[in-house]
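Okay, so here's the structure we're looking at.
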Amino acid sequence: MPTPMRYIDEYRDPGLARKLLDEIRRKATRRWTIMEICGGQTHSIIRNGIDQLLPDTIELVHGPGCPVCVTPLESIERALAIAAREEVIFTSFGDMLRVPGHAKDLFMVRSTGGDVRIVFSPLDALQIARDNPSKEVVFFAVGFETTAPANAMAVYQAAREGRENFSVLVSQVMVPPAMRVILSSLGNRVQGFLAAGHVCAVMGYEEYEPVAREFHVPIVPTGFEPVDLLAGILKTVELLEEGRAEVVNRYGRVVSREGNPVAREIMAKVFEVIDRPWRGIGLIPDSGLGLREAFARFDAEKKFHASNICARESPLCMSGSVLQGMLKPDGCPAFAKECTPAHPLGATMVSSEGACAAYYNYHTTVL
Amino acid sequence: MTITPTCPTPIMQHETVQMAHGAGGRLSQALMQRVFMPHLSNAFLDLLDDQAKLDLPPGQTAFTTDTYVVSPVFFPGGNIGELAVNGTVNDLAVGGARPLYLSAGFVLEEGLLLAELETIVRSMAEAARRAGVMIVTGDTKVVGKGQCDRIFINTSGIGVIREGVDLSCRNLKAGDSIILSGTVGDHGMAIMTSREGLSFQSRITSDCAALNGMIGSILDELPCAIHAMRDPTRGGVAATLNELASSSSVGIEINEITIPVKPDVRGACELLGIDPLHVANEGKLVVAVAADNAQQALDLIHSFDLGRDAVIIGSVVDDHPDMVVMRTLYGSRRIIDLPLGEQLPRIC
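Each protein sequence line maps, in turn, to chains A and B. Going by the numbering used here, the residue at position 240 of the first sequence is 244; the numbering climbs one at a time, nothing skipped. Going by the numbering used here, the residue at position 104 of the second sequence is 149; the numbering climbs one at a time, nothing skipped.
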């Protein structure tokens with residue numbers, strides 16, 4: 005065995021995982037359907053084969069928490085148009101570069117002369133703007149509540165130093181409104197949630213309490229390692245069996261009820277809640293974030309007049325049903341046929357966090 | 046004020062590579078004399094002919110070529126020069142050949158520091174000496190600023206295949222053991238963590254090394270039991286195993302618990318969301334060996350410094366042809382697929 009790595013290996017311990025699995029098997033007296041919200045959790049589940057190890061009584065369905073997956077096609081088209089401009093250095097997290105628009109992706113924009121750069125933080129993009137005063141630097145601000153604080157900070161700092169050559173293309177969404185949509189839909193099968201640990205690290209879990217009460221579902225903030233996931237599943241099963249619709253935290257080393265007040269404050273300062281379209285799902289009221297009026301000059305969509313660019317999805321792609329837990333990736337007729345990671349029809353097949361990509365890359369059902 | 050008219054002679058001493066260094070004139074000669082010959086001089090190269098005339102020992106000839114464009118040019122644990130020698134030596138050696146002669150073609154970017162070029166050439170000479178090969182012919186071109194990334198090197202190599210050895214990625218048979226000669230991902234993560242834009246530092250160094258010594262010993266001892274060898278470079282061990290499986294139309298099954306990964310490499314991969322099995326290596330070997338001889342091969346590999354962390358990571362199976370499947374730490378199974386193009390750090 006390699007040298008143990010703190011905060012990782014204790015949550016990957018096969019012995020501990022086995023104990024939790026036994027406990028889940030013992031506790032589950034009937035069938036339960038549980039949704040893990042976050043794409044990172046989906047990947048860890050499929051990668052480690054946790055779905056294969058769970059008893060038949062527990063079905064995991066995969067949630068909408070993949071930032072790349074739910075970024076609407078029109079945002080991708082706008083990114084491609086802006087990135088192709090002569091004066092622009094377009095910066096993005098690596099995941100977004102491979103997401104195809106109608107005719108091309110950001111890699112192709114780069115190969116035809118666009119200056120497209122992968123960054124690891126929006127603050128790196130801001131630094132590029134400082135280093136290139138004659139260029140317009142745009143950051144693709146995609147993601148859930150996890151990426152919002154750093155994106156807000158970059159805009160806030162840019163405003164404070166009066167940096168006019170920096171802007172963000174915002175496609176920022178939030179988890180609780182999507183949970184409400186899933187729970188309200190006619191075909192809903194989800195009886196309990198593993199809430200996304202990193203989202204809860206920022207936002208806390210206070211805001212999930214009304215969702216749990218209103219829809220009578222247990223919600224368990226859960227981490228990403230196998231032992232974290234199994235502990236989250238066990239707690240959800242216990243709550244379901246006892247009929248308790250409560251929020252119980254199982255990611256205590258990272259998540260508190262109030263979340264991170266500093267992160268929430270900077271988010272609230274820069275962003276306001278707006279309606280957002282979700283790829284595969286459609287418009288969800290009050291589900292996203294947009295720049296406040298005071299920061300409107302950092303809005304790349306306005307700066308480059310990109311708001312009128314629209315796009316249409318492939319009619320074959322059923323990623324909306326996948327993202328809402330109504331369809332397993334391998335239940336889609338196009339899965340691994342018309343749709344593969346090399347030729348994705350929808351973003352759930354592109355992103356390293358997408359459920360379809362996870363099934364395609366790791367899942368032994370394709371054997 | 047009086048001006049003394051002088052007739053300036055052309056500057057012959059430069060700190061950096063000039064376009065004229067590649068023009069075939071005096072500066073080209075100066076570059077040869079000052080930078081290349083002091084390190085690479087040998088009986089073939091000293092003749093300064095347009096070609097090397099070689100007498101090869103008996104046996105089938107192996108011939109290979111590879112071009113090196115690594116960025117950054119200098120990385121923890123090596124530089125593009127030794128990479129260009131070791132990489133081509135390894136490509137010959139994994140085919141069962143004794144590497145003998147190399148060519149070296151340089152594309153230099155105008156403005157490259159001559160001192161850096163000399164360091165690179167010196168490393169090539171040292172790497173060639175260590176691997177027991179000679180660089181017998183070469184070429185230099187200079188391109189304008191911005192037309193290449195400082196320096197690109199192409200090396201081609203010739204070797205002679207050992208009698209009785211038949212290594213091919215089509216030779217895997219069900220039951221074969223798969224040996225991996227050491228930790229995965231060292232080279233790729235050394236490169237990735239030394240690139241600009243990453244705000245963490247690591248102590249990861251490249252594993253760049255010539256494998257022909259170790260491979261020679263294995264083949265001397267077990268000429269018939271070894272079915273295939275590969276050095277898992279780009280695409281990592283995952284790509285190599287997939288190539289072996291599909292070329293031989295067999296399945297490969299590996300065990301997650303056996304895969305050796307250095308803690309720093311693991312940490313960096315965790316942070317960037319990259320699978321170490323997809324990360325490049327430059328001094329590692331994957332061996333498919335008949336099961337009965339696996340322990341003997343492993344013991345032999347262990348006797349080399351380069352192979353001290355070697356392990357049997359799995360075996361060749363009849364099931365799931367063309368596919369590599371890994372048994373996870375938890376006893377479940379997952380597919381190990383080819384990486385799709387560039388490794389992209391994840392969002393969250």
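Here a beta-carbon is modelled for each residue, glycine too, at the ideal position from N, C-alpha and C. From a predicted model like this one, the values you see are computed outputs, not experimental measurements.
What residue does the beta strand (DSSP E) around residue i start on, and which one ends it?
i: V181(B); result: 179 to 188
i: I206(B); result: 196 to 206
i: V370(B); result: 369 to 372
i: R275(B); result: 271 to 275
i: S222(B); result: 222 to 225
i: D421(A); result: Residue 421(A) falls outside the range modelled here, since chain A spans only 5 to 371, and no answer is possible.
i: I360(B); result: According to the sequence displayed, residue 360(B) carries Ser and not Ile. Taken as a continuous stretch (DSSP letters only), the beta strand (DSSP E) holding S360(B) covers 356 to 362.
i: A219(B); result: Where A219(B) is concerned, there is no enclosing beta strand (DSSP E), given that its DSSP letter is neither H nor E.
i: N394(B); result: Only positions 46 to 393 of chain B appear in the structure, and residue 394(B) is not among them; the question remains open.
i: A333(B); result: 331 to 334
When you compare each of the options to residue i by their alpha carbons, which one comes out closest?
i: L385(B); options: G280(B), A333(B), E315(B); result: G280(B)
i: N216(B); options: N199(B), R275(B), R240(B); result: R275(B)
i: A65(B); options: E127(B), V187(B), G140(B); result: V187(B)
i: S171(A); options: R301(A), F219(A), T150(A), N253(A); result: R301(A)
i: V16(A); options: H347(B), E301(B), S247(B); result: It is Arg, not Val, that sits at residue 16(A) in the sequence shown. If we check each option's Cα against that of R16(A), E301(B) comes out closest.
i: C253(B); options: C214(B), D184(B), V181(B), A176(B); result: A176(B)
i: F111(A); options: A83(A), G329(A), L127(A), A304(A); result: A83(A)
i: R167(A); options: A346(A), F299(A), E149(A), G67(A); result: F299(A)
i: V65(A); options: S355(A), A338(A), D334(A), E90(A); result: D334(A)
i: A395(B); options: V178(B), D354(B), M368(B); result: The structure shown does not extend to residue 395(B), since chain B is modelled only from 46 to 393, so the question has no answer here.
i: A325(B); options: G140(B), D184(B), A149(B), A235(B); result: A235(B)
i: L173(A); options: V146(A), A133(A), G256(A); result: V146(A)
i: F124(A); options: L316(B), V115(B), I381(B); result: L316(B)
i: P268(B); options: G69(B), A342(B), I249(B), E155(B); result: A342(B)
What residue range does the alpha helix (DSSP H) around residue i cover?
i: G233(B); result: 231 to 239
i: A272(A); result: 265 to 274
i: C343(A); result: No alpha helix (DSSP H) contains C343(A), which DSSP labels as neither H nor E.
i: S115(A); result: 110 to 115
i: Q340(B); result: 339 to 347
i: M183(A); result: 179 to 188
i: T37(A); result: Taken as a continuous stretch (DSSP letters only), T37(A) belongs to no alpha helix (DSSP H), being part of the beta strand (DSSP E) at 36 to 42.
i: S293(B); result: 281 to 293
i: P18(A); result: 18 to 31
i: I394(B); result: Because residue 394(B) is not part of the residues shown, which for chain B are 46 to 393, the question remains open.
i: G53(A); result: Run containing G53(A): none; DSSP gives neither H nor E here.
i: A361(A); result: 359 to 366
i: L68(B); result: Here the sequence assigns Ala to residue 68(B), which means Leu is not the residue at that position. Unbroken run through A68(B): none, as it is neither H nor E.
i: R379(B); result: Counting along the chain, R379(B) falls outside any alpha helix (DSSP H), though it belongs to the beta strand (DSSP E) covering 378 to 381.
Q. Okay, do the region 116 to 127 of chain A and the region 91 to 101 of chain A touch, 3+ Cβ pairs below 8 Å being the bar?
A. yes
Q | Whole alpha helix (DSSP H) elements within the region 81 to 148 of chain B, 4-residue minimum | A | 82 to 85, 125 to 138
Q) Quick check: the region 283 to 291 of chain A against the region 146 to 162 of chain A, are there 3 or more CB pairs under 8 Å? A) The region 283 to 291 of chain A vs the region 146 to 162 of chain A: no contact.
Q | Near-chain B residues of the region 328 to 347 of chain A (beta-carbon distance less than 8 Å), N- to C-terminal order | A | Answer set for the region 328 to 347 of chain A: P345, A346.
Q: Could you please tell me which residues of the region 365 to 384 of chain B, in chain order, have their CB closer than 8 Å to any CB of chain A?
A: Answer in chain order: H365, M368, V370, T373, L374, Y375, G376, S377, R378, R379, I380, D382.
Q: Note down, one range per segment and in chain order, each beta strand (DSSP E) of at least 3 residues found wholly within the region 198 to 281 of chain A.
A: 223 to 226
(Q) For the region 295 to 305 of chain B against the region 358 to 376 of chain B, do three or more pairs of beta-carbon atoms, one drawn from each stretch, fall closer than 8 Å, so that the two count as touching? (A) yes
Q) Counting Cβ pairs closer than 8 Å, one from the region 191 to 205 of chain B and one from the region 141 to 150 of chain B, do we hit at least three? A) yes
Q.
Assess contact between the region 225 to 237 of chain A and the region 292 to 300 of chain A, defined as three or more Cβ pairs (one per stretch) separated by less than 8 Å. Is contact present?
A. no
Q | Stretch pair the region 165 to 185 of chain B + the region 105 to 124 of chain B: three plus CB contacts closer than 8 Å | A | yes
Q: Could you list the residues in the region 171 to 183 of chain A with a C-beta less than 9 Å from some C-beta on chain B, going in chain order?
A: none
Q: Report yes or no: do three or more beta-carbon pairs, one from the region 207 to 221 of chain A and one from the region 22 to 32 of chain A, lie closer than 8 Å?
A: no
Q | Contact the region 344 to 355 of chain A vs the region 73 to 80 of chain A: 3+ CB pairs below 8 Å | A | yes
Q. Where in the region 70 to 121 of chain A do unbroken runs of the alpha helix (DSSP H), each at least 4 residues long, occur, reported from the N-terminal end onward?
A. Those alpha helix (DSSP H) runs which fall completely within the region 70 to 121 of chain A and span 4+ residues are 71 to 74, 77 to 87, 110 to 115.
Q. What residues from the region 197 to 210 of chain A come within 7 Å of chain B, judged by C-beta to C-beta, listed N to C?
A. H202
Q) At a Cβ cut of 8 Å, what residues of the region 14 to 33 of chain A count as close to chain B, listed as they run along the chain? A) Residues R16, P18, A21, R22.
Q. With a cut-off of 8 Å, do at least 3 Cβ pairs link the region 268 to 277 of chain A to the region 52 to 64 of chain A?
A. The region 268 to 277 of chain A makes no contact with the region 52 to 64 of chain A: fewer than 3 CB pairs, one atom from each, lie closer than 8 Å.
Q: Inspect the CB distances between the region 68 to 82 of chain B and the region 106 to 115 of chain B and report whether three or more fall short of 8 Å.
A: Segments in contact, no.
Q: Please name the residues in the region 127 to 154 of chain B whose beta-carbon is closer than 9 Å to at least one beta-carbon of chain A, in chain order.
A: none
Q. Counting Cβ pairs, one atom from each stretch, are 3 or more of them under 8 Å apart for the region 211 to 230 of chain B and the region 323 to 339 of chain B?
A. At 8 Å Cβ cutoff, the stretches touch.
Q) Which ranges would you report for the beta strand (DSSP E) in the region 128 to 159 of chain A if only whole runs of at least 3 residues count? A) Segments of the beta strand (DSSP E) lying fully in the region 128 to 159 of chain A: 140 to 147.
Q. With a cut-off of 8 Å, do at least 3 Cβ pairs link the region 234 to 254 of chain A to the region 21 to 28 of chain A?
A. yes
Q) Should the region 320 to 335 of chain A be called in touch with the region 176 to 193 of chain A, which here means at least 3 C-beta pairs below 8 Å? A) yes
Q) Would you call the region 240 to 248 of chain A and the region 196 to 207 of chain A in contact, with 3 or more CB pairs under 8 Å? A) At 8 Å Cβ cutoff, the stretches touch.
Q.
For the region 302 to 316 of chain B, list every residue whose C-beta sits within 8 Å of some C-beta in chain A, in sequence order.
A. I302, P305, V306, K307, P308, R311, G312, E315
Q.
Can you confirm whether the region 41 to 54 of chain A touches the region 352 to 366 of chain A when touching is taken to mean that 3 or more C-beta pairs between the two stretches lie within less than 8 Å?
A. Contact between the region 352 to 366 of chain A and the region 41 to 54 of chain A is present: 3 or more CB-CB pairs across the two stretches fall below 8 Å.
Q | Selection of the region 51 to 64 of chain A by Cβ proximity to chain B, strictly under 9 Å | A | R51, N52, G53, I54, D55, Q56, L57
Q | the region 179 to 208 of chain B: positions lying closer than 9 Å to chain A by Cβ | A | none
Q) Using a Cβ cut-off of 9 Å, which residues of the region 218 to 231 of chain A contact any Cβ in chain B, in chain order? A) Those would be P230, in chain order.
Q: May I ask you to list, following chain order, the residues of the region 315 to 339 of chain B that have a beta carbon less than 7 Å from some beta carbon of chain A?
A: E315, G318
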